[in-house]
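Trainee:
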Amino acid sequence: MFDLSPAILPAVLATFFGAGLVKGVTGMGLPTVAMGVLGALISPLAAASLLIVPSFITNVWQLFAGPNFGPLLRRLWPMMPAVVAGTLIGSKWIAGGDPEVTTTLLGIALSVYSA
Numbered sequence: 240m241f242d243l244s245p246a247i248l249p250a251v252l253a254t255f256f257g258a259g260l261v262k263g264v265t266g267m268g269l270p271t272v273a274m275g276v277l278g279a280l281i282s283p284l285a286a287a288s289l290l291i292v293p294s295f296i297t298n299v300w301q302l303f304a305g306p307n308f309g310p311l312l313r314r315l316w317p318m319m320p321a322v323v324a325g326t327l328i329g330s331k332w333i334a335g336g337d338p339e340v341t342t343t344l345l346g347i348a349l350s351v352y353s354a
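Here is the structure:
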């Protein structure tokens, strides 16, 4: 799919470390921080594919480790299938799109999110 050059690999690892710190302190932000930095280093498709497993694991861990699993599940269950559907649709859109347009749209989305 993509190759990470030895020069980029330390930056990717540092990005995930920093994004993990943000997630650990605030309980959110791993994908936002990581995608913002990784999108500047590698293509959005490569960055998104690197984010799938860490984002899933940290979110599921946070859901099960929290004290209110039952109430959270009852409140958020409609969102869970919507997130899966949005991820599938978004991944097809990112994979099939022009990298320059995808990078621009990623920048816009991150700017709107941070505002």
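Just add 239 to wherever you are in the sequence shown, counting from 1, and you've got this note's numbering.
Don't be surprised by glycine CBs; every beta carbon is placed ideally from N, CA and C.
Tell me whether Ala334, by its Cβ, gets closer than 6 angstroms to a heavy atom of the ligand GDP.
Mentor: Ligands in the displayed structure: none, and consequently the ligand GDP is not present.
Trainee: Below 8 angstroms, can you find three or more Cβ-Cβ pairs linking the segment 301-316 to the segment 278-291?
Mentor: no
Trainee: Residue ranges of each alpha helix (DSSP H) run of no fewer than 4 residues wholly in the segment 297-322, ordered along the chain?
Mentor: Segments of the alpha helix (DSSP H) lying fully in the segment 297-322: 308-315.
Trainee: I'd like to check one pair, Val261 with Val272: are the Cβ atoms closer than 7 angstroms?
Mentor: For the purposes of this step, residue 272 is taken as the residue at position 33 of the sequence shown. For the purposes of this step, residue 261 is taken as the residue at position 22 of the sequence shown. Yes, they are a contact pair.
Trainee: Please state whether the Cβ-Cβ distance between Ser288 and Pro270 is less than 7 angstroms.
Mentor: For the purposes of this step, residue 288 is taken as residue 49 along the sequence shown, with counting starting at 1. For the purposes of this step, residue 270 is taken as residue 31 along the sequence shown, with counting starting at 1. Taking 7 angstroms as the cut-off, the Cβ atoms of Ser288 and Pro270 do not count as close.
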